[in-house]
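Colleague: Last residue of the sequence shown? That's 299 in full-length UniProt numbering, and every number before it is there in order. Sending over a structure as structure tokens; questions will come in a sec.
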Amino acid sequence: MIGEGGFGRVYKGQLEVVQVVAVKQLDRNGFQGNREFLVEVLMLSLLHHSNLVNLIGYCADGDQRILVYEYLANGSLEDHLLDLPEGKAPLDWNTRMKIAAGAAKGLEYLHETADPPVIYRDFKASNILLDAEFNPKLSDFGLAKLGPTGDKTHVSTRVMGTYGYCAPEYALTGQLTSKSDVYSFGVVFLEIITGRRVIDNSRPTEEQNLVTWASPLLKDRKKFDLLADPLLEGKYHQKGLHQALAVAAMCLQEEDSTRPLMSDVVTALEYLATNKGPGEGGVLEENEEREDDHDEADR
């Protein structure tokens with residue numbers, strides 16, 4: 001067994017063709033019911049992208065509900081980012097940006113290429129799976145919804161998803177748009193940068209909600225370093241951190257119409273993912289320090 005949750009259990013298996021797979025056996029009494037099972041099968045049968053998990057097969061015999069996926073050797077982003085066990089190496093800056101860019105491409109495909117468009121609705125670290133090279137793939141499509149078409153601006157639906165990741169307008173009204181996913185992406189991107197959980201009741205009261213804690217810091221460039229995961233040990237370029245936080249802040253705008261399209265997010269993150277951070281020691285380049293000094297002087 002390689003995982004367990006409200007949906008049931010996940011096992012590692014092997015097909016006769018010598019392909020390693022992940023087998024999800026849904027709990028007959030669990031939270032993920034027959035409808036979510038059918039949505040998952042339909043969505044992953046119709047959607048194909050390198051940043052979406054590949055559904056190999058399924059079983060719906062009697063009351064058995066089984067899904068067979070490609071096996072992704074590095075588990076979920078949550079496994080490598082949050083509450084790391086002692087001795088496990090943290091993700092470096094470049095790998096974090098690579099994962100964020102790939103996950104953004106998955107959402108971009110759902111929103112802007114799939115026809116009709118799809119709203120993922122449950123974007124979170126535990127649903128981003130990683131292959132042996134840390135390429136990300138979105139999984140768990142049971143809550144996904146077809147997006148609005150024609151003159152419609154949103155889809156009205158019962159509020160589902162995970163607390164802390166839901167966009168405020170969706171949580172309040174049940175009106176779902178692709179910009180709801182953009183907000184959720186901003187939350188996860190903030191987790192990637194900070195190494196903090198979206199909700200962490202073990203922290204002081206004012207720090208328990210990641211977005212609430214980070215919001216004032218995102219408005220003050222002098223405090224940006226407070227938002228970087230301490231496990232990075234300063235091994236990142238200041239400009240890279242500033243640009244990443246700017247993307248997160250745009251995605252987390254309260255007003256959904258002011259959030260960017262995922263294609264714009266992808267453009268920004270591809271740049272961050274291909275511009276390598278510092279090597280050992282994490283020392284800033286001299287010209288970068290000078291440019292930052294000029295920026296401060298201009299203010």
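Positions of the beta carbon are idealized from the N, C-alpha and C atoms, including for glycine.
Is Val188 near Phe123, with beta carbons less than 8 Å apart?
Modeller: For Val188 and Phe123, yes; Cβs fall inside 8 Å.
Colleague: Assuming the contact rule is C-beta atoms closer than 8 Å, Pro168 and Glu254 should be a hit. Round their C-beta distance to whole Å, please.
Modeller: 6 Å between Cβ atoms; contact.
Colleague: Anyone know if the C-beta pair for Lys179 and Asn51 falls short of 8 Å?
Modeller: Not closer than 8 Å, so no.
Colleague: Between Leu55, Ala244, Tyr165, Leu252, which lies nearest to residue 335 when the distance is taken from Cα to Cα?
Modeller: The displayed coordinates of the chain run from 1 to 299. Any statement about residue 335 would go beyond what the structure contains.
Colleague: Which residue comes first and which comes last in the beta strand (DSSP E) that contains Gln25?
Modeller: Residues 20-26.
Colleague: Between Gly13, Asn135, Tyr109, Asp83, which lies nearest to Val68 when the distance is taken from Cα to Cα?
Modeller: Comparing Cα positions, the closest option is Gly13.
Colleague: Assuming contact is defined by CB atoms lying nearer than 8 Å, are Val198 and Glu206 in contact in what I supplied?
Modeller: For Val198 and Glu206, no; Cβs fall outside 8 Å.
Colleague: Okay, do the stretch 37-46 and the stretch 55-66 touch, 3+ Cβ pairs below 8 Å being the bar?
Modeller: The stretch 37-46, when compared against the stretch 55-66, does touch it at the 8 Å Cβ threshold.
Colleague: Report yes if the C-beta distance between Ile128 and Leu176 is below 8 Å; otherwise report no.
Modeller: It is not a contact, given that the beta carbons lie outside the stated cut-off.
Colleague: Please go through the same chain and pick out, in chain order, the residues whose beta-carbon is closer than 8 Å to the beta-carbon of Ser257, but skip the five residues on each side of it.
Modeller: Excluding sequence neighbours, Ser257 sits near Lys179.
Colleague: Rounded to whole angstroms, how far is the Cβ of Ala125 from the Cβ of Leu77, which I believe are closer than 8 Å?
Modeller: Their Cβ separation, rounded to whole angstroms, is 4 Å, which keeps Ala125 and Leu77 in contact under 8 Å.
Colleague: Are Arg259 and His242 touching if we call contact CB-CB under 8 Å?
Modeller: Their beta carbons are not under 8 Å apart, which means Arg259 does not touch His242 by this criterion.
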